[in-house]
Structure formats: C-alpha cells, structure tokens
Amino acid sequence: MLAQPLTPQGTPLFTLPKANAAGLSPYIRLAWGGRNVLDRLRSRLESSLGRVGRAFARLSPSPTSWTAVGLAVMGLAALAYAKAPSGALLGGLLILVAGWFDIVDGAVARATGRTSKRGAFLDSNMDRVGEVAVYAGILAGGLANQFAVLAALSASLLVSYARAKGDALGISLSGVGIGERSERLLILAISSVLGLAWWGVVLVAVVASFTFLERSARAVGRL
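Residue numbers (the numbering used here): 34 to 256.
1) Which residue marks the beginning of the alpha helix (DSSP H) containing V240, and which one marks its end?
2) Can you look up K116 in the DSSP assignment and give me helix, strand or coil?
3) For G163 versus A131, is the C-beta spacing smaller than 8 Å?
4) So within the segment 120-175, which uninterrupted alpha helix (DSSP H) runs reach at least 4 residues, ignoring any that extend past its ends?
5) Leaving aside the five residues before and after G108 along the sequence, list all residues of the same chain whose C-beta is less than 6 Å from its C-beta, in chain order.
6) Just to confirm the assignment, what range does the alpha helix (DSSP H) spanning S224 have?
7) Tell me which residue opens and which closes the alpha helix (DSSP H) that V192 is part of.
8) In three-state terms, what does DSSP make of P16?
9) Should D138 go down as buried or exposed, given a rule of 16 or more other Cβ atoms within 10 Å for buried?
10) Check whether the Cβ atoms of L227 and V237 sit closer than 8 Å, and answer yes or no.
11) Does the Cβ-Cβ distance between L206 and R248 come in under 8 Å?
12) Measure how close the beta-carbons of A110 and G174 come, nearest whole angstrom, since I'm counting them as under 8 Å.
13) CB-CB under 7 Å to F23, same chain, minus the five flanking residues each way: which ones, in chain order?
14) Which of the three DSSP states, helix, strand or coil, is assigned to L206?
15) How many angstroms separate the CA atom of G125 from the CA atom of G210?
16) So G212 packs on V240, CB below 8 Å; how close in whole Å?
17) Between R87, L256 and R143, which has its C-alpha nearest D200's C-alpha?
18) Return the chain-ordered list of same chain residues with a C-beta closer than 7 Å to the C-beta of L259, the five sequence neighbours on each side being excluded.
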C-alpha cells in the first residue's frame, strides 16, 4: 500500500491506500471516502497494538512463533473447507483467527525489537503457503470449481509476485490496488460465513486480477 505503517515483516498492517480524490467521479470519490474511514480506524487500532504485542510477548517473545501459529490455523481452515459444506463456516472463522495472528506477530516484533530480514522472508513465504492450503481445501470440499479456484489462487499469487518484483527493481508497489492478502482473505472469510464461499472465490479472482493489472501498469510506467 502507499505510505503507511508496516509490520516488521514488511507488510502493511492494513492494506488500504491513501490518495487525493480531487477530480475523480462521484462514485470513485465515495470509494476513497470509505478507504479514508478505514485508514482512520487503522490509526486508532495502532495505538492498541503496543499493548497487544507486549501481552503476547510474555507468552512467546519470538515473532516467528506467532507467524507459525497463524500458518497452523490456516492449515486448520483448509481442513475445515475440505469437509464442506458443513466446514465452510468454520473455515471462514478460522481465516479470521489466522488474520489476528498475522497482526500479533508484527505487534510482538515491535514490542520486543526483534525485526529482521529472516523474519520478513519467513512471514512472506508462510503467508503464501497458508493461502495455497486454503484454496486446496476449498477445491477438495467442492465449494468452487477448478477454474474459479485456479483463477483466484493464480491472481492472488501474481499480486504478491508483482510487488516482490517491483521491490527488486526499486519500485514500491505497496498499497497499489485493493486486492492484497488481507482484503482477499477477508472477502473469503465473510463469504464463507454467509454460506457464499463460491462467490467469495470469484470475487477474490476479480479483485486480485485488477490489482495485478494495476500494479503492472504502475511498474511499467515507472521503468
């Protein structure tokens, strides 16, 4: 995302970009207004993360251990999805729990001063593994057809790859687009809880695809 606080692993705490909506259409200005509201919510939550980090650091001061817990919860979500349709609700709830631990690992790292490139590498790769596992579970449970799952997973990975490649070329793509990991998993979780997992997968595919195209255009324009 654009300039905003990052977790020690190098990922945005909340992935909503900021921008000046002047000159945009009324509908786009409305969308930006919603983003700004969530930006303010993000800022308020940040003031509480110090306490969260200190509390969880008492249990384990290693941020990577909390990243591993988040991955384990994503694995449980994948298993729940594989038991669909009865497991879809549990799968969605577990994704939300995993998202909480994704916040905890960064809060613990800040509270303990344990930030490192090693942690950033592990966090990023564990995130990808967890995401792949969830879609494998959705496919195994028959909640969405092969094409929809392939489209959602491929587009999701391309979003992450575009950012990584941009970083390697000295182009920051953080905050470009609204289809980063946290948004994608939130869509999937909420749709699953509502019994609409298939639509969630399709929506993720669409949002992630547009985000990938937006990032690609931004990167090409800066090269």
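We put the CB at the ideal spot given by N, CA and C, even for glycine.
To lay it out plainly:
1) The count along the sequence shown starts at 1 and reaches residue 240 at position 207. Run containing V240: A230 to R255, per the alpha helix (DSSP H) assignment.
2) For the purposes of this step, residue 116 is identified with residue 83 of the sequence shown, where counting begins at 1. For K116, the three-state secondary structure derived from DSSP is coil.
3) Translated into the one-based positions of the sequence shown, residue 163 becomes position 130. Translated into the one-based positions of the sequence shown, residue 131 becomes position 98. Yes; because the gap between Cβ atoms is below 8 Å, this pair is in contact.
4) 121-145 and 150-173
5) Position 75 of the sequence shown holds residue 108. Contacts found: A166.
6) The sequence position of residue 224 within the sequence shown is 191, counting from 1. Start and end: R214 to V226.
7) Taking the sequence shown and counting its residues from 1, one reaches residue 192 at position 159. V192 -> alpha helix (DSSP H) spans Q179 to A201.
8) Residue 16 falls outside the range modelled here, since the chain spans only 34 to 256, and no answer is possible.
9) Position 105 of the sequence shown, counting from 1, holds the residue named residue 138. By the neighbour-count rule (16 or more Cβ atoms within 10 Å), D138 is buried.
10) On the sequence shown, position 194 is the one that residue 227 refers to. On the sequence shown, position 204 is the one that residue 237 refers to. The answer is no: Cβ separation not under 8 Å.
11) Here residue 206 is taken as the residue at index 173 of the sequence shown, counted from 1. Here residue 248 is taken as the residue at index 215 of the sequence shown, counted from 1. Yes, the Cβ-Cβ distance between L206 and R248 is below 8 Å.
12) Taking the first residue of the sequence shown as 1, we reach residue 110 at position 77. Taking the first residue of the sequence shown as 1, we reach residue 174 at position 141. Rounded, the Cβ-Cβ distance is 11 Å, inconsistent with contact.
13) Look at the range of the chain in this structure, 34 to 256, and you will see that residue 23 is not part of it.
14) Reading the sequence shown from its first residue, position 173 is the one you call residue 206. It is coil, neither helix nor strand.
15) On the sequence shown, residue 125 is found 92 positions in, with the first residue counted as 1. On the sequence shown, residue 210 is found 177 positions in, with the first residue counted as 1. Rounded to whole angstroms, G125 to G210 spans 23 Å at the Cα level.
16) What you label residue 212 is simply residue 179 of the sequence shown in a count that begins at 1. What you label residue 240 is simply residue 207 of the sequence shown in a count that begins at 1. Confirmed, about 4 Å.
17) Position 167 of the sequence shown holds residue 200. Among R87, L256 and R143, the Cα nearest to that of D200 is on L256.
18) A question about residue 259 goes unanswered here, because the residues of the chain that appear run from 34 up to 256.
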